[in-house]
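Colleague: The structure under discussion is supplied below as structure tokens; questions concerning it will follow.
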Amino acid sequence: MPHPRIRQIDIETFQRDGVVMIPGLFAGWVDTLRDGIERNMQNPGPYAAENLKEGENGRFFDDYCNWQDVPEFAEVIEKSAVGEVAADLMQSGTVQVFHDHVLVKEPGTSKPTPWHQDAPYYFVGGQQSISFWCPVDPVDEASLRCVKGSHLWEKQVLPTRWLSEENFYPDPNEFMPVPDPDAGQMDIAEWPMQPGDAVAFNFGTLHGARGNETTRRRRAFSLRLVGDDARYVERQGRTSPPFPGHEMQPGDRLREDWFPIVWPNPGTKGQLRDG
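Below, the structure is given as structure tokens:
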């Protein structure tokens, strides 16, 4: 039986569409996540970025790979139902942490998050992957948008740098051009969401987000996890996140001392990576 937070139809939807919304997955953890996001913004990590060009209104902050240094994030990973729910949705016997990601669009930030797939940025291959995108503010207009079924496309979408809009890797021919899902009348999923709801989507799912032209903040916590078939793959250059010094070889499972198993093994604190 799946975890009580989800139903069998949610598993089937995730497998078919590459995306499903889980109401209230983090409902008991909203204040904890808000505190963690605030801690992260006050003490940003080495990958923190401001994603607006000169003259663009608002603020679009993001940062990732900080869960070992933000106790609130570690607590949510360790104690919430997210690991078990991920196992059910991915149909995987094990779940490993890949990384966390904080995205904050302050009021009046009109810039959308560009359409992209996460998979081409990462050094992870395999179909058993999942991201949970959880807002800690009510979301109506500044919503996450996902193209149904795009995780099954034969060719991955060209990864680009959000601010400079340059190609991420030197050979763009390996990838398909970034499509315009609205112009192409693709089947786009998006939902109004309350704090603690979560959109679960595959690393290969094409997604983006609307700008935040409302008068309230749009803070979101994302957690990336992988399952049994995840393997290290080499890319054309430095990946994002890069995880320098990982020493993995193509075909390796992700090393558990850096990417701890959170399901079925309970807890992560004894497996945190130093540095």
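Just so you know, we're using the working numbering here: the sequence shown kicks off at 6 and counts up by one. We put the CB at the ideal spot given by N, CA and C, even for glycine.
#1: Exposed or buried, what is Met6 when buried is set at 16 or more other beta-carbons lying within 10 Å of its beta-carbon?
#2: What's the gap between the Cα of Thr220 and the Cα of Gly113?
#3: At which residue ranges does the segment 58-134 contain complete beta strand (DSSP E) runs of 3 or more residues, listed in the order of the chain?
#4: What residue does the beta strand (DSSP E) around Met26 start on, and which one ends it?
#5: How would you call Gly5, buried or exposed, if buried means at least 16 neighbouring beta carbons within 10 angstroms?
#6: Just verifying my parser: in three-state terms, what is the DSSP assignment at Val35?
#7: How is Leu149 classed by DSSP in three states: helix, strand or coil?
#8: Does Gln281 pass the burial test, meaning 16 or more other C-beta atoms within 10 Å, or should it be called exposed?
#9: Assign Ile82 to buried or exposed, taking buried as 16 or more other Cβ atoms, counted over all protein chains shown, within 10 Å of its Cβ.
#10: With distances taken Cα to Cα, identify the nearest neighbour of Phe180 among Pro164, Gln190, Asn62, Pro9.
#11: Should the segment 166-182 be called in touch with the segment 68-86, which here means at least 3 C-beta pairs below 8 Å?
#12: With DSSP run on the structure shown, which of helix, strand or coil describes Asn172?
#13: By the 10 Å Cβ neighbour count, where 16 or more other Cβ atoms means buried, how is Asn207 classified, buried or exposed?
#14: Measure the Cβ-Cβ separation of Arg258 and Arg236 and say whether it is below 9 Å.
#15: Where does Arg21 land, buried or exposed, given buried means 16+ other C-beta within 10 angstroms?
Modeller: Here's the rundown:
#1: Your numbering for residue 6 matches position 1 in the sequence shown. The residue is exposed, with fewer than 16 neighbouring Cβ atoms inside 10 Å.
#2: For this step, residue 220 is matched to residue 215 along the sequence shown. For this step, residue 113 is matched to residue 108 along the sequence shown. Their backbone Cα atoms lie some 7 Å apart in a straight line.
#3: 65-69, 100-110, 118-121
#4: Counting from 1 along the sequence shown, the entry for residue 26 is found at position 21. Taken as a continuous stretch (DSSP letters only), the beta strand (DSSP E) holding Met26 covers 24-27.
#5: Only positions 6 to 280 of the chain appear in this structure, which leaves residue 5 out of reach.
#6: In the sequence shown, the residue the question calls residue 35 occupies position 30. Reduced to three states, the DSSP call for Val35 is helix.
#7: By 1-based counting over the sequence shown, the position of residue 149 is 144. Leu149 falls in the strand class under three-state DSSP.
#8: A query on residue 281 cannot be resolved here, the shown segment of the chain reaching from 6 to 280 and no further.
#9: Here residue 82 refers to the residue found at position 77 when the sequence shown is read from its first residue. Counting Cβ neighbours within 10 Å, Ile82 comes out buried, since at least 16 surround it.
#10: Along the sequence shown, read from residue 1 onward, the residue named residue 180 stands at position 175. Residue Pro164 is the option with its Cα nearest to Phe180.
#11: no
#12: Translated into the one-based positions of the sequence shown, residue 172 becomes position 167. Strand, per DSSP.
#13: Locating residue 207 in the sequence shown gives position 202, where the first residue counts as 1. Burial call: buried.
#14: What you label residue 258 is simply residue 253 of the sequence shown in a count that begins at 1. What you label residue 236 is simply residue 231 of the sequence shown in a count that begins at 1. Yes. Within cutoff.
#15: Your numbering for residue 21 matches position 16 in the sequence shown. Exposed, by the Cβ-count rule.
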